[in-house]
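Asks: Below: one structure in structure tokens.
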Ligand SMILES: [Fe+2]
Ligand SMILES: [Fe+2]
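Residue numbers (our numbering): 312 to 659.
See below:
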């Protein structure tokens, strides 16, 4: 029997985006002590924490921040590729791209729902995104200059997302882990459609091959930055790993991505733009150069090439959609009133 929240006032009102602070010293209250013990034992047994379970405030805050950032990334991530839907070169490519962008909207919705199980409010999260209080992945602040970018995003960006997200299927928070299972299945199709598009272009004309190489040159380093800052500069990683929210460090995942991608690049016939990239027999991994961490900081803090445009577009879409939300709420209220009346009539 899972421990219930002994004190409903603690942690029920999360502060999304708040810094992760250690929880205050455990209270002497025996119910609270039992709940904490249950929490720790659940993690130790590799079982899931569910919304009904007691959890430390810091655990809840960290999850809300991470899940919200993840949801925002899915939704903002629709924009760079969405810009190519009307310019896709064939009906088949258009249908594939349309389906992929719709999948990303679905991922955002699962994730906002997961955040809601922690007490977060979706409207509030959206407001935090559009007024800059919450972040999203730095990668979506780069422009998509040619149709080859659609392929490279599928291959590298969705590929990096898979490396990040597969371990999250074993994350300790149940609703997040379960959402990730479906998300990862769809991401693997995204990666394959990107790779297949690039393979087709590489078999085409010299101009097409050059487009692919140019896109790879522009997206390679930002893709490596998707794993976040180096471990030495990632203060929240240790706590997230202790809580089993995160399963691997940023640098471990980055290495995994490089090792996975190098043979794919060779097969494709493109050059990854890193003169330091080479196989290290001793380590059993590829060595690679250092991403420009100043660029990552700049892009995360709003100074990337498309930050303002992406957020403005999201704000406009949110405002344009207000009437849909109002209509849906009015419809739901009407339905509820109807079933309330029907219930009364039956009872009479
Ligand atoms: Fe996605
Ligand atoms: Fe995707």
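C-beta atoms are modelled at their ideal positions from N, C-alpha and C, and glycine is treated no differently.
Keep in mind that this is a model prediction, so the values were computed, not measured.
Classify residue 530 as buried or exposed, calling it buried when 16 or more other Cβ atoms lie within 10 Å of its own Cβ.
Replies: Counting from 1 along the chain shown, the entry for residue 530 is found at position 219. Residue 530 comes out buried.
Asks: Between 484, 452, 640, which lies nearest to residue 372 when the distance is taken from Cα to Cα?
Replies: For this step, residue 372 is matched to residue 61 along the chain shown. The shortest C-alpha separation from residue 372 is found at 484.
Asks: Ignoring anything shorter than 4 residues, give me the alpha helix (DSSP H) runs that lie fully in the stretch 386-462, in order along the chain.
Replies: Runs of the alpha helix (DSSP H) inside the stretch 386-462: 389-393, 402-427, 433-441.
Asks: Please list, in chain order, all residues with a C-beta atom less than 5 Å from at least one heavy atom of ligand 2.
Replies: Going along the chain, the residues that qualify are 469, 498, 501.
Asks: Hey, residue 494 and residue 383: beta-carbon distance below 8 Å or not?
Replies: Here residue 494 refers to the residue found at position 183 when the chain shown is read from its first residue. Here residue 383 refers to the residue found at position 72 when the chain shown is read from its first residue. Contact: no.
Asks: Following a CB-centred definition, is residue 494 positioned closer than 7 Å to any heavy atom of ligand 1?
Replies: Position 183 of the chain shown, counted from the start, is the residue given in the question as residue 494. Yes, the Cβ of residue 494 comes within 7 Å of a heavy atom of ligand 1.
Asks: What do you get for residue 539, buried or exposed, if any count of 16 or more other CB atoms within 10 angstroms of its CB means buried?
Replies: Residue 539 sits at position 228 when you count from the first residue of the chain shown. Classification of residue 539: buried, given that the 10 Å Cβ count is 16 or more.
Asks: How close, in whole Å, do the beta carbons of residue 498 and residue 464 come, if the pair is a contact with beta carbons under 8 Å?
Replies: Taking the first residue of the chain shown as 1, we reach residue 498 at position 187. Taking the first residue of the chain shown as 1, we reach residue 464 at position 153. Not a contact, Cβ separation roughly 12 Å.
Asks: Residue 429 and residue 375 look like a contact to me (Cβ under 8 Å); what is the Cβ gap, rounded to whole Å?
Replies: Residue mapping note: residue 429 aligns to position 118 of the chain shown, counting from 1. Residue mapping note: residue 375 aligns to position 64 of the chain shown, counting from 1. Between residue 375 and residue 429 the Cβ distance is about 5 Å, and since that is below 8 Å, they are a contact.
Asks: Using the DSSP secondary-structure output, state which residues sit across from residue 596 in a beta bridge.
Replies: Along the chain shown, read from residue 1 onward, the residue named residue 596 stands at position 285. 591, per the DSSP bridge assignment.
Asks: Starting from residue 350, follow the alpha helix (DSSP H) in both directions and report where the run begins and ends.
Replies: Your numbering for residue 350 matches position 39 in the chain shown. Here the alpha helix (DSSP H) through residue 350 covers 341-355.
Asks: With a threshold of 16 other CB atoms inside 10 Å of the CB of residue 552, please say whether the residue is buried or exposed.
Replies: To locate residue 552, count along the chain shown from 1; it is residue 241. So residue 552 ends up on the exposed side.
Asks: Here's the rule I'm using: 16 or more other beta-carbon atoms within 10 Å means buried, otherwise exposed. How should residue 455 be labelled?
Replies: Within the chain shown, numbered from 1, the residue matching residue 455 stands at position 144. By the 10 Å Cβ count, residue 455 comes out buried.
Asks: Check whether the Cβ of residue 383 sits closer than 7 Å to any heavy atom of ligand 1, and report yes or no.
Replies: Walking along the chain shown from the start, residue 383 turns up at place 72. Because no heavy atom of ligand 1 lies under 7 Å away, the Cβ of residue 383 does not count as near it: no.
Asks: The alpha helix (DSSP H) with residue 561 in it runs from where to where?
Replies: Here residue 561 corresponds to residue number 250 of the chain shown, with the count starting at 1. Where residue 561 is concerned, the enclosing alpha helix (DSSP H) stretches over 561-579.
Asks: Using the rule of at least 16 other Cβ atoms within 10 Å of the residue's Cβ for burial, across every protein chain shown, is residue 385 buried or exposed?
Replies: As a first step, residue 385 must be located in the chain shown, where it is residue number 74. Under this definition residue 385 is a buried residue.
Asks: Would you mind reading off the limits of the alpha helix (DSSP H) that contains residue 500?
Replies: Against the chain shown, residue 500 aligns to sequence position 189. Segment 485-513, the alpha helix (DSSP H) holding residue 500.
Asks: Of the residues 578, 511, 534, 628, which one's Cα is nearest the Cα of residue 606?
Replies: Residue mapping note: residue 606 aligns to position 295 of the chain shown, counting from 1. Of the listed residues, the one whose Cα sits closest to residue 606 is 534.
Asks: In three-state terms, what does DSSP make of residue 603?
Replies: For the purposes of this step, residue 603 is taken as residue 292 along the chain shown, with counting starting at 1. The answer is coil: DSSP assigns residue 603 none of H, G, I, E or B.
Asks: Just how far apart, CA to CA, sit residue 345 and residue 563?
Replies: Start at 1 with the first residue of the chain shown, and residue 345 comes out as number 34. Start at 1 with the first residue of the chain shown, and residue 563 comes out as number 252. Distance between the alpha carbons of residue 345 and residue 563: 35 Å.
Asks: Thinking C-beta only, is residue 616 closer than 8 Å to residue 559?
Replies: Along the chain shown, one-based indexing puts residue 559 at 248. Along the chain shown, one-based indexing puts residue 616 at 305. No, Cβ-Cβ distance for residue 559 and residue 616 is not below 8 Å.
Asks: Could you pull out every residue in the same chain whose Cβ sits closer than 7 Å to the Cβ of residue 302, ignoring the five residues on either side in sequence?
Replies: Nothing can be reported for residue 302, as the shown portion of the chain is limited to 312 through 659.
Asks: Helix, strand or coil for residue 585? Go by DSSP, reduced to three states.
Replies: In the chain shown, the residue the question calls residue 585 occupies position 274. Correct three-state label for residue 585: coil.
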